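2 protein chains.
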Amino acid sequence: MTDGSRAKRYHHGDLRKTLLDAALEIVRTDGAAALTMRGVAGVAKVSHMAAYHHFADKGALVAAVAEEGFRGLRREMAERTEKCPDDPRARFRETGIAYVVFAVKNPNLFRVMFGPELADMSAYPDLQGAADAAFGVMQGQVEQSQAGYAIKEDDSRQIGVTAWALVHGLAMLCIDRQFGPEAAEPEQAERLAYAATGALFRGLRR
Amino acid sequence: MTDGSRAKRYHHGDLRKTLLDAALEIVRTDGAAALTMRGVAGVAKVSHMAAYHHFADKGALVAAVAEEGFRGLRREMAERTEKCPDDPRARFRETGIAYVVFAVKNPNLFRVMFGPELADMSAYPDLQGAADAAFGVMQGQVEQSQAGYAIKEDDSRQIGVTAWALVHGLAMLCIDRQFGPEAAEPEQAERLAYAATGALFRGLRR
DNA sequence: TGAGCGATCTTTACACTGTCAAGATCGGGA
DNA sequence: TCCCGATCTTGACAGTGTAAAGATCGCTCA
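If you're matching them up, the sequences are chains A and B in order.
For reference, each letter of the first sequence is one residue, going 25 to 230 in this note's numbering.
For reference, each letter of the second sequence is one residue, going 25 to 230 in this note's numbering.
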């Protein structure tokens, strides 16, 4: 029989999830710099060091946070693309817009996902997989557009790279406020993404 | 009379420059995470805390490093654009390629320039100025292309943003090895930038 | 000239970080 | 039932940024 208040239990029960949720919350609200092993342990009302039984080190925790981020990014891109008319250009656009909007709505998380701590993701295969899956949504749009004769049939990998680069740069520069403070607002960011993806699509038409 | 070995002098003479050079060297070779107030002070053979008479805090030192980075980026873009035939598309391309090549050749420095520590550059006006100057080179290319009737006369700011976003995203994803390890090599990165800027230019033509 | 004053540098101290090492507690399978 | 491994705790250490206060210098002005 499990007593409701698990306050005094020596074993936590689901510490990993609790820690990860705390880490996500901290990153989202205060940024990666505020993320601390001792901090997340404190939120879970657990001694520091307890976290080390679930995450090898701080890098592993950061990687887990980023992995969640990539899952969310993939989901939002897929959703926004699905509920969209069957017009290649519109779908192409919506995928890119979803990318930028996600970044603007989760700037701190987005920065972690592409931060220097994880410059080499090869140490975290799950993270790599989640990132690849997100990229796959965009790559899929490119190939669908090619199959529908909407854009030219050059090396699809090259085209996917170009599309990804465009929205990624837009996202980064928006949240870094390089386009001014307005661009960090979802509406304005969406407008920028609309125009930018339109120009690129035009250049990729056959 | 100044004696050659200034080893024992209480006052250093040009500590700010020494510290900044040391910081740049550390960032370049070992990344921002290795940058330390005490470390740079050590390189200059000076007590820690001495640095605080030249940089308000670590953030100010990082900002100074980034500022140097933006100066270098601006210079390399301008140089590469100048020594280039008077063809709008070629000049447009070279500007973008210079951007990506700079990033790939100075990945750690580039990451500092656009890192989360400096997400709000308004606290460092000199840094903001250097960044604006670098962006100005690209914006100038856009306007020159418009004046030469090479690309359409839409809102030039919007077009500049799109161009910047494209090369910025390409640069970021290259150094993050999201396109694989080869893309972190200058030759391969240059090839990607060539193709990407070509596609965008095509979309921007009138 | 020289006295002092502000800029520059040092020393000391503190809170906070990640992580190693060793012990305490628990729960499930033999 | 007992014990062993997973889980959690306690304690310690080196390294970090930086506040506070003192030491040393060189330039200015009387």
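Think of the CB as a built atom: it goes at the ideal place given N, C-alpha and C, for glycine as much as any other residue.
What you are looking at is a predicted structure, and each value in this text was computed from that prediction instead of being measured.
Same chain, Cβ closer than 8 Å to A/F94, neighbours up to 5 away in sequence not counted:
M137, L151, A154, A155, A157, A158
Which runs of the alpha helix (DSSP H) fall wholly inside the segment 42-69 of chain B and span at least 4 residues, in chain order?
Correct list: 61-67.
Among the residues of its own chain, which have a CB less than 8 Å from the CB of B/V161, if the five just before and after it don't count?
R98, M101, A102, T105, T119
Using the three-state DSSP reduction, which class does A/R98 fall into: helix, strand or coil?
Here A/R98 carries a helix assignment [DSSP, helix/strand/coil].
What are the boundary residues of the alpha helix (DSSP H) that B/D178 is part of?
That residue, B/D178, is in no alpha helix (DSSP H); it is neither H nor E in DSSP.
Can you give me the C-alpha to C-alpha distance between B/S146 and B/Q170, rounded to a whole angstrom?
31 Å
On the DSSP letters alone, give me the boundaries of the alpha helix (DSSP H) that A/G204 sits inside.
Taken as a continuous stretch (DSSP letters only), A/G204 belongs to no alpha helix (DSSP H), as it is neither H nor E.
For B/C198, the three-state DSSP class (helix, strand or coil)
helix
Within chain B, partners of A/M196 - CB distance below 9 Å:
F138, A189, H192, G193, M196
Quick check on DSSP: helix, strand or coil for A/R230?
coil
Expected contact under 8 Å - CB spacing of B/R226 and A/D144 to nearest Å:
Rounded, the Cβ-Cβ distance is 34 Å, inconsistent with contact.
is_contact[A/D200, chain B] using C-beta, thresh 8 Å:
A/D200 counts as touching chain B.
By Cβ distance below 7 Å, which residues in the same chain neighbour A/S91 in space, the five residues on each side in sequence not counted?
At residue 91 of chain A the sequence reads Glu, which differs from the Ser that was named. Result list for A/E91: D150, L151, A154, in chain order.
Taking the straight line between their C-alpha atoms, what separation do you get for B/A57 and B/V51?
8 Å
For the candidate residues A/R115, A/G204, A/E141, A/V89, whose alpha-carbon lies nearest to that of A/Q163?
A/R115
Quick check on DSSP: helix, strand or coil for A/N130?
Coil, per DSSP.
Looking at the structure shown, is B/S169 part of a helix, part of a strand, or coil, going by DSSP?
helix
Of the residues A/Q165, A/A219, A/G193, the one placed nearest A/C108, counting alpha carbons only
A/Q165
Through-space distance from A/V67 to A/M196, alpha-carbon basis:
30 Å
According to DSSP, is A/M145 part of a helix, a strand, or is it coil?
helix
Output needed in chain order: residues of the segment 125-136 of chain B with a Cβ under 7 Å from some Cβ in chain A.
R135
Leaving out the 5 sequence neighbours to the left and right, which residues in its chain are closer than 7 Å to B/G83 when beta-carbon positions are compared?
Same-chain partners within the cutoff: E141.
Which one of B/M61, B/A219, B/E49, B/V128 has the shortest CA to CA distance from B/A207?
B/V128
With B/A75 and B/L43 assumed to form a contact (beta carbons below 8 Å), what rounded beta-carbon distance in angstroms separates them?
5 Å
Apart from the five residues on each side of it in sequence, which residues of its chain come closer than 6 Å, Cβ to Cβ, to A/Y173?
none
Do we get a CB-CB distance below 8 Å when we pair B/T186 with the residues of chain A?
yes
With distances taken from CA atoms, which of B/A46, B/C198, B/D111 is nearest B/F126?
B/C198
State the DSSP-derived secondary structure class of A/G222, mapped to helix, strand or coil.
Looking at A/G222 - three-state DSSP - the assignment turns out to be helix.
With a threshold of 8 Å between beta carbons, is B/G160 in contact with chain A?
Answer no: the Cβ-Cβ gap between B/G160 and chain A never drops below 8 Å.
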